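Worksheet for the structure shown next.
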Amino acid sequence: MHNPDLDLAADPQAGTATPPAPLYLRRSGTALLIDFSTGEPALLHFGADLGPDLPDLSLLRDPVPHSALDTPVTLGLVPQASSGWRGRPGLRGHRSGRAFSPRLRLASAAVNDVGSAVIVQTDPDAGITVRTEIRLNDGGLLQLRHRLANDGPDEYTVEELAAVLPVGRAATEILDLTGRWCRESHPQRLPLHQGTWVRSGRHGRTGHDASLLLAAGTGGFGYRHGQVWAVHLGWSGNHESFVDTAGDGRTVIGASELLGSAEITLASTEHYDTPWLFAAYSDAGLDGITEAFYAWFRGRPHHPGVASGKPRPVVLNVWEAVYFDHRLPALLELADAAASLGVERYVLDDGWFRGRRNDTAGLGDWYVDEQLWPDGLSPLIDAVTGHGMEFGLWVEPEMVNEDSDLVRAHPDWIAGPAAQPGPGASGGVRLPERWRHQQVLDLVNPEAWQYIYDRLDALLRENRISYLKWDQNRDLTEMGHDGRPSVHAQTMAVYRLLDALRAAHPGVEIESCSSGGARVDLGILERTDRVWGSDCNDALERQTIQRWTGMVVPPELVGSHIGPTTSHTTARTHDLSFRAITAMFGHFGLEWDVRGLDAAEHTELAHAIALYKEYRSLLHSGRMVRADEPDPALRLHGVLAHDGSEALYALVSTATSFAEVPGRVCLPGLQPDRRYRVEAVYPAPDDSHAFIQIAPPPWLSAGVEASGQFLAASGLPMPVLNPEHGILLAVRRVHDHDPASGGHPVRNS
């Protein structure tokens with residue numbers, strides 16, 4: 001819907017225009033307010049809903065202090081020095097060193113429909129136009145991106161174009177995430193002070209240490225309390241996120257693509273689009289931020305299961321069962337064992353293509369190895385699908401080994417810093433340092449892009465493949481095409497490749513794996529159906545990785561597998577119940593040689609898979625809640641149905657506790673005036689491995705009924721868990737007046 005009140009009648013720089021009414025977007029308790037009275041879009045507020053009626057904003061301009069500019073400083077939609085802003089600029093660019101300081105002023109503003117707007121600013125002297133698109137979605141998630149167009153006759157170089165939003169003055173702390181391989185998504189906090197806190201990602205991909213979420217909030221904000229402002233940049237290449245507090249006390253939070261030297265140089269009439277900035281505000285802690293992101297994800301028409309109604313299948317990936325040892329009899333035995341447990345998707349991992357006996361050779365040669373597979377993949381695919389399972393295949397299309405037929409035929413397809421032979425004695429082109437024996441395939445090269453598309457398209461056309469595990473196992477160091485930096489162009493080429501394959505094969509799901517969780521962002525998740533949270537299947541490590549990855553990404557999109565009893569990556573040993581409870585709160589699967597299970601393990605694993613299937617519709621649609629536990633050795637998280645009918649909580653002990661007993665543990669989020677039945681469903685109360693106690697709390701064996709208010713405020717006494725163990729609690733609303741239920745709880749399946 002077009003709002004004529006937001007049209008600009010004339011050029012505001014000429015001083016003859018009547019400024020349009022303020023832009024005020026409100027939805028789901030969140031509001032954005034932009035004022036146009038100075039001729040520049042001024043960011044006045046992002047945060048709590050301000051109500052339906054606004055005061056006269058002209059009366060609310062800041063005072064002018066001593067030894068300062070003679071007019072109040074405007075915090076623009078694109079912050080700029082020409083308006084007096086002395087913090088981090090929103091736009092840095094130039095024309096061969098000139099036109100370095102833009103003076104963008106409003107050209108037009110329009111509301112296109114409920115919750116979205118387009119604002120256009122121009123600087124005729126610099127010869128640029130910036131068009132900003134804003135959306136405030138159901139659930140309160142805000143999206144913002146810019147498009148910069150070169151209106152001038154010569155080239156314009158873009159060094160940075162950032163998306164920013166104001167943060168309330170109540171914010172005093174910053175929280176972001178960091179990590180490394182097999183230890184992604186770990187939180188860190190620091191006080192918010194004057195100056196700029198910047199997180200730079202220079203990996204050419206999102207990065208293991210990337211901050212999936214950058215947040216500012218009130219002191220001590222937690223999962224269930226405090227005001228929080230948070231942003232995420234939906235981009236899979238180099239990037240920066242930042243919190244910037246200026247000398248006048250105003251704070252902005254934002255992010256931008258991190259561009260290489262002259263990486264974006266626009267010819268006349270060309271334009272550059274920034275990635276989407278996603279932002280959320282919550283007055284109820286981090287769980288409120290999570291709700292906004294989950295609502296956006298699940299509202300997409302292409303979100304997994306939305307159109308098809310298909311649940312997320314139980315996965316077996318064969319990597320930690322066979323590694324590179326691809327012999328058909330063993331793989332068929334794995335398929336039989338998987339089917340007997342209730343597995344629904346079987347994934348053949350690395351090692352199936354030409355020359356691939358280890359990780360030093362073969363990448364790029366995407367043909368089924370005739371020596372390993374004389375009859376092709378069909379014998380295995382037929383066996384897998386004959387069991388009623390889907391078949392999936394591992395690929396790594398963006399990388400090559402130098403020991404490959406592809407590189408021997410096309411050595412110039414390796415991406416690197418040099419376009420011409422270097423000065424070394426060999427006279428060859430200098431290549432980046434190897435990483436896992438790999439180089440990056442230059443997908444900016446149209447011939448290389450077409451080769452990869454054709455090979456993957458052929459694999460999908462010639463085989464019944466329902467799923468691609470798409471890996472990317474190295475950083476893009478010194479990423480270049482034809483002697484120029486090309487992280488931006490490479491990222492866009494990967495996006496085009498994924499988009500083209502999905503259009504040609506709409507029934508195939510794609511997982512984004514990047515040596516674990518090194519490419520988890522909303523840019524890649526617009527084109528894939530899940531991410532691999534980490535190469536680490538150690539349940540203790542996964543408790544933190546999944547908790548914080550799940551702050552933004554809903555569980556149905558985060559691959560979470562039960563690994564072997566002793567972890568491949570940490571050598572730590574865990575009981576099956578702890579591994580299964582951890583994997584339950586994600587897209588559940590197995591990464592384990594299940595051929596060798598004894599009878600007890602087989603029975604327990606089949607039970608865990610059946611539990612996942614029973615609760616997956618809840619796990620993959622409900623509200624995520626996390627408790628602010630006073631005991632750092634205990635963690636409680638759960639998923640609640642939106643109608644309050646049921647919930648599934650996990651209480652996990654990650655270490656020895658300072659207390660002899662856990663005491664009463666509260667179960668947050670339930671409807672306070674309704675009655676619920678709480679039962680421990682896994683492991684069994686008499687499991688001697690999970691518990692260390694003489695006698696459990698009396699309710700544990702048969703369950704207990706209590707109101708939602710009691711469970712949230714008083715809680716229940718919990719059993720004493722051994723370190724690195726957990727317990728799964730099912731909570732179902734009691735329908736007291738439903739005669740068909742006999743007074744027993746009813747589960748809405």
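In this text, residue positions in the sequence shown follow this note's numbering: the first is 1, and each later residue adds one. All C-beta atoms in this analysis are idealised placements derived from N, C-alpha and C, irrespective of residue type, glycine included. Since the structure is predicted, the reported quantities are computational estimates derived from the model, not experimental observations.
- Message: So within the segment 207-275, which uninterrupted alpha helix (DSSP H) runs reach at least 4 residues, ignoring any that extend past its ends?
- Response: Those alpha helix (DSSP H) runs which fall completely within the segment 207-275 and span 4+ residues do not exist here.
- Apply the 10 Å Cβ neighbour rule to ARG408 and answer buried if 16 or more other Cβ atoms are within range, or exposed otherwise. If you number the sequence shown from 1, residue 408 lands on position 408. Exposed is the call here.
- Would you mind working out which of PRO662, ALA702, CYS666 and GLN671 sits nearest VAL681, comparing C-alpha positions? Against the sequence shown, residue 681 aligns to sequence position 681. Ranking PRO662, ALA702, CYS666 and GLN671 by Cα distance to VAL681 puts ALA702 first.
- Message: Only counting the same chain, and skipping five residues up and downstream in sequence, which positions put a Cβ closer than 6 Å to that of ALA655?
- Response: Working through the sequence shown from its first residue, we reach residue 655 at position 655. Taking C-beta separations shorter than 6 Å and ignoring five residues to either side along the sequence, the partners of ALA655 in its chain run ALA633 and PRO723, following chain order.
- Query: Can you tell me the Cα-Cα spacing of ASN473 and VAL314, whole angstroms?
  - Reply: For the purposes of this step, residue 473 is taken as the residue at position 473 of the sequence shown. For the purposes of this step, residue 314 is taken as the residue at position 314 of the sequence shown. Rounded to the nearest angstrom, the two C-alpha atoms are 24 Å apart.
- Message: Suppose you measure from the CA of SER37 to the CA of PRO20; what does that come to, to the nearest Å?
- Response: By 1-based counting over the sequence shown, the position of residue 37 is 37. By 1-based counting over the sequence shown, the position of residue 20 is 20. Rounded to whole angstroms, SER37 to PRO20 spans 7 Å at the Cα level.
- Query: Which residues in the same chain have their Cβ closer than 7 Å to the Cβ of ALA107, if we skip the five residues on either side of it in sequence?
  - Reply: Taking the first residue of the sequence shown as position 1, residue 107 is located at position 107. Listed in chain order, the non-local C-beta contacts of ALA107 below 7 Å within the same chain comprise LEU8, VAL120, GLN121 and THR122, local neighbours out to five positions each way being set aside.
- Task: Using DSSP bridges, identify the partner residues of ARG27.
- Result: Translated into the one-based positions of the sequence shown, residue 27 becomes position 27. Residue pairing for ARG27: DSSP places it in a beta bridge opposite THR30.
- Residues near PHE278 in its chain [Cβ-Cβ closer than 8 Å; skip 5 each side]: Along the sequence shown, read from residue 1 onward, the residue named residue 278 stands at position 278. Closer than 8 Å at the Cβ level, and outside the excluded window around PHE278, lie LEU141, LEU142, GLN143, VAL231, HIS232, LEU233, GLY234, PHE293, TRP296 and LEU522.
- In this structure, does DSSP put PRO20 in helix, strand or coil? Stepping through the sequence shown from its first residue, residue 20 is reached at position 20. DSSP places PRO20 in coil when its eight states are reduced to three.
- Item | Span of the beta strand (DSSP E), counted from its first residue to its last, around ARG626 | Residue mapping note: residue 626 aligns to position 626 of the sequence shown, counting from 1. ARG626 -> beta strand (DSSP E) spans 623-626.
- Message: Could you tell me the alpha carbon to alpha carbon distance between GLY249 and ALA171, rounded to whole angstroms?
- Response: For the purposes of this step, residue 249 is identified with residue 249 of the sequence shown, where counting begins at 1. For the purposes of this step, residue 171 is identified with residue 171 of the sequence shown, where counting begins at 1. A straight-line Cα-Cα distance of about 11 Å links GLY249 and ALA171.
- Query: What alpha helix (DSSP H) runs, 4 residues minimum, are completely inside the segment 328-404?
  - Reply: Restricting attention to alpha helix (DSSP H) runs no shorter than 4 residues, the segment 328-404 encloses them at 328-341 and 378-386, ordered along the chain.
- Query: Apart from the five residues on each side of it in sequence, which residues of its chain come closer than 8 Å, Cβ to Cβ, to LEU716?
  - Reply: As a first step, residue 716 is located in the sequence shown; it is residue number 716 there, counting from the start. Result list for LEU716: ARG664, VAL665, LEU667, VAL678, PRO697, TRP699, VAL704 and ALA706, in chain order.
- Any idea what DSSP makes of LEU497, helix, strand or coil? As a position in the sequence shown, residue 497 is number 497, starting the count at 1. Three-state result, LEU497: helix.
- Check whether the segment 566-578 touches the segment 298-311, counting contact only when three or more Cβ pairs, one atom from each stretch, lie closer than 8 Å. Result no; under three Cβ-Cβ pairs closer than 8 Å.
- Message: For GLY260 and GLY392, what's the separation of their Cα atoms in angstroms?
- Response: One-based indexing of the sequence shown puts residue 260 at position 260. One-based indexing of the sequence shown puts residue 392 at position 392. One Cα belongs to GLY260, the other to GLY392, and the distance between them is close to 37 Å.
- Message: Let me confirm a value: THR565 is counted as buried when at least 16 other C-beta atoms fall within 10 Å, else exposed. Which label applies?
- Response: Along the sequence shown, one-based indexing puts residue 565 at 565. That one is exposed.
- In terms of DSSP beta bridges, what is ASP442 paired with? The residue you call residue 442 lines up with position 442 of the sequence shown. Answer by DSSP bridge pairing: none, since ASP442 is not bridged.
- Does any CB atom of chain C fall closer than 8 Å to the CB of ALA21? Within the model displayed, chain C is absent; a lone protein chain is all it includes.
- Query: Mapping DSSP to helix, strand and coil, what is VAL306?
  - Reply: Along the sequence shown, read from residue 1 onward, the residue named residue 306 stands at position 306. Looking at VAL306 - three-state DSSP - the assignment turns out to be coil, as it is neither helix nor strand.
- Task: With DSSP as the reference, label VAL681 as helix, strand or coil.
- Result: Here residue 681 refers to the residue found at position 681 of the sequence shown. DSSP, reduced to helix, strand and coil, places VAL681 within a strand of the structure shown.
- Item | Same chain only: Cβ atoms within 6 Å of HIS725, ignoring 5 sequence neighbours per side | Counted from its first residue, the sequence shown places residue 725 at position 725. So the list reads PHE578, SER653 and ALA690, once near-sequence residues are dropped.
- Query: Just how far apart, CA to CA, sit ARG519 and THR385?
  - Reply: By 1-based counting over the sequence shown, the position of residue 519 is 519. By 1-based counting over the sequence shown, the position of residue 385 is 385. CA-to-CA, the gap between ARG519 and THR385 works out to about 30 Å.
- Delimiting residues of the alpha helix (DSSP H) encompassing GLY288: Position 288 of the sequence shown, counted from the start, is the residue given in the question as residue 288. Per DSSP, GLY288 is one residue of the alpha helix (DSSP H) stretching across 286-298.
- Message: Using only CA atoms, which one of ALA262, GLY139, VAL429 and THR206 lies nearest to ALA300?
- Response: Taking the first residue of the sequence shown as 1, we reach residue 300 at position 300. The question names Ala, but residue 300 is Arg in the sequence shown. Check the Cα spacing between ARG300 and each of ALA262, GLY139, VAL429 and THR206: the tightest is with GLY139.
- Query: Using DSSP with H/G/I as helix, E/B as strand and the rest coil, what is GLY151?
  - Reply: Residue mapping note: residue 151 aligns to position 151 of the sequence shown, counting from 1. It is Asp, not Gly, that sits at residue 151 in the sequence shown. ASP151: coil per DSSP, three-state reduction.
- Near LEU460, which residues of its chain fall below 7 Å by C-beta distance, leaving aside the five closest residues on each side in sequence? One-based indexing of the sequence shown puts residue 460 at position 460. Within the same chain, Cβ atoms closer than 7 Å to the Cβ of LEU460 are found at HIS505 and VAL508, the five residues on either side in sequence being excluded.
- Query: Do GLY127 and GLY93 have their CB atoms nearer than 8 Å?
  - Reply: Mapped onto the sequence shown, residue 127 falls at position 127. Mapped onto the sequence shown, residue 93 falls at position 93. Contact flag unset, no.
- Item | Residue range of the unbroken alpha helix (DSSP H) whose run includes HIS602 | In the sequence shown, counting from the first residue as 1, residue 602 sits at position 602. Residues 599-619.
- Task: Quick one: grab the DSSP three-state call for ARG579.
- Result: Translated into positions along the sequence shown, residue 579 becomes position 579. Three-state result, ARG579: helix.
- Message: Am I right that HIS208 and TRP181 are in contact with their C-beta atoms under 8 Å? What's the rounded C-beta distance?
- Response: Residue 208 sits at position 208 when you count from the first residue of the sequence shown. Residue 181 sits at position 181 when you count from the first residue of the sequence shown. Contact between HIS208 and TRP181 holds, with the beta-carbon distance rounding to 5 Å and staying under 8 Å.
- Item | Beta-carbon contacts of VAL243 that lie in its chain and below 6 Å, excluding the five residues immediately before and after | Looking up residue 243 in the sequence shown gives position 243. In chain order, ILE174, TRP197, ALA216 and ILE253 place their CB closer than 6 Å to the CB of VAL243, counting only its own chain and leaving out the 5 sequence neighbours on each side.
- Are the segment 311-329 and the segment 574-594 in contact at 8 Å, needing three or more beta carbon pairs? Touching, yes.
- Work out the CA separation of LEU104 and GLU40 for me, nearest whole Å. For the purposes of this step, residue 40 is identified with residue 40 of the sequence shown, where counting begins at 1. For the purposes of this step, residue 104 is identified with residue 104 of the sequence shown, where counting begins at 1. Their backbone Cα atoms lie some 7 Å apart in a straight line.
- Message: Could you tell me the alpha carbon to alpha carbon distance between TRP210 and LEU286, rounded to whole angstroms?
- Response: In the sequence shown, counting from the first residue as 1, residue 210 sits at position 210. In the sequence shown, counting from the first residue as 1, residue 286 sits at position 286. What sits at residue 210 in the sequence shown is Ala, not Trp. A direct Cα-to-Cα measurement between ALA210 and LEU286 gives close to 18 Å.
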